[in-house]
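Please read the structure below before turning to the comments.
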Amino acid sequence: MVTKLTLLCLPYSGASAMVYSRWRPKLPQWLQLQPVELPGRGARFDEPLHTDMRVLAMQLARELRPTLKTPYALFGHSLGALMACEIAHALRALGCPEPVALFASGTAAPTMRADYDRGFADPKTDAELIDQLRTLNGTSEEVLANEELMSLTLPILRADFLLCGKFQPLQRPLLKCPVHVLGGKADKATTEQLIGWSKETSGSFSVDMLAGGHFFIHEHEARVLKVIKDQLEVHHRRHAMAATA
């Protein structure tokens with residue numbers, strides 16, 4: 580019997596968590612990928628969008644709690660990294676064990692966001708949101724020009740920007756799990772903003788810088804998956820040994 584680890588994956592702004600589904604066949608058998616869909620998108624499209632990070636994190640933690648039968652890790656990119664961190668705290672508040680690791684990808688640390696999220700708390704027009712998408716280089720001009728597609732995407736993006744813009748760090752006990760940060764060398768998050776994630780844990784900490792801009796997780800998917808697998812392998816071995824002891 581294979582001892583499994585669950586990898587909970589949180590999406591970036593405007594996206595469905597199903598962007599991670601293509602990782603499934605590329606991960607080892609012991610690593611079970613579980614995309615965490617946010618309300619208002621994908622299969623949850625009919626649910627209202629949230630603009631309060633902690634309210635949403637607690638809702639998701641309550642939903643996830645009954646499903647966490649195996650040790651788990653959290654991965655989030657951009658908005659998803661903040662959300663993954665908040666879910667780790669929310670699950671701990673509900674009496675769940677901490678994740679074996681938290682992967683924070685492509686964004687400034689919770690305590691280093693004053694410059695990073697400047698203006699995100701202000702409501703954006705459709706044109707401003709489209710300009711923001713264009714600067715991130717993750718959306719083709721063909722998609723940006725598709726009015727029907729944009730009419731579905733922009734309300735989600737607007738809510739997600741407010742999630743980030745209204746976020747305020749809290750004074751609370753640190754996480755104890757390792758925190759592993761991934762950054763793009765051409766992304767806007769500075770080295771200092773990425774290293775700031777070390778303040779979120781009393782456990783170990785690492786930073787891996789990858790080539791590419793904000794969407795390096797797609798541009799350099801194989802490297803991202805190798806970092807995740809390499810960091811989680813030790814936890815998998817530990818839990819497999821404990822299960823057979």
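Here the sequence shown stands for residues 580 to 824, where the numbers follow the numbering used here.
Just so it is clear, CB atoms sit at the ideal spot from N, CA and C, and this is done for glycine as well.
Note that the structure is predicted; figures quoted are calculated from it, not measured.
Could you check the C-alpha separation between residue i and residue j for me, to the nearest Å?
i: L804; j: Q611; result: 13 Å
i: G762; j: L789; result: 6 Å
i: C588; j: P702; result: 27 Å
i: F595; j: E642; result: Note that residue 595 is Ser in the sequence shown, not Phe. The alpha-carbon atoms of S595 and E642 are separated by roughly 17 Å.
i: H629; j: A640; result: 15 Å
i: D696; j: D809; result: 31 Å
i: R751; j: G659; result: 20 Å
i: Y591; j: R737; result: 13 Å
i: M580; j: T823; result: Confidence at M580 is low in this model, with a pLDDT of 49, below 50, so its placement is unreliable and the value that follows should be read with caution. Whole-angstrom Cα-Cα distance: 10 Å.
i: M597; j: R623; result: 12 Å
i: A680; j: K755; result: 9 Å
i: L661; j: A683; result: 8 Å
i: Q711; j: E720; result: 13 Å
Leaving out the 5 sequence neighbours to the left and right, which residues in its chain are closer than 6 Å to residue i when beta-carbon positions are compared?
i: K745; result: A700
i: H818; result: T582, P650
i: L670; result: A640
Hey, quick one: how far does the alpha helix (DSSP H) through residue i stretch, first residue to last?
i: D739; result: 726-744
i: L639; result: 632-643
i: D809; result: 800-823
Measure how close the beta-carbons of residue i and residue j come, nearest whole angstrom, since I'm counting them as under 8 Å.
i: T582; j: W609; result: 6 Å
i: L584; j: H815; result: 5 Å
i: M632; j: E665; result: 6 Å
So, at 8 Å on beta carbons, what are the nonlocal neighbours of residue i in its own chain, with the 5 sequence-adjacent residues on each side left out?
i: D705; result: M729, L733
Near residue i, which residues of its chain fall below 7 Å by C-beta distance, leaving aside the five closest residues on each side in sequence?
i: L753; result: E779, T780, S781
Starting from residue i, trace the beta strand (DSSP E) both ways and give me its first and last residue.
i: C588; result: 584-589
i: H758; result: A quick correction: the sequence has Val, not His, at residue 758. Residues 758-763.
i: Q613; result: 610-614
i: M662; result: Run containing M662: none in the beta strand (DSSP E); it sits in the alpha helix (DSSP H), 658-672.
- Segment contact flag, the segment 602-609 with the segment 735-749, C-beta cutoff 8 Å, min 3 pairs: no
- Is the segment 770-778 close to the segment 677-690, with three or more CB pairs under 8 Å? yes
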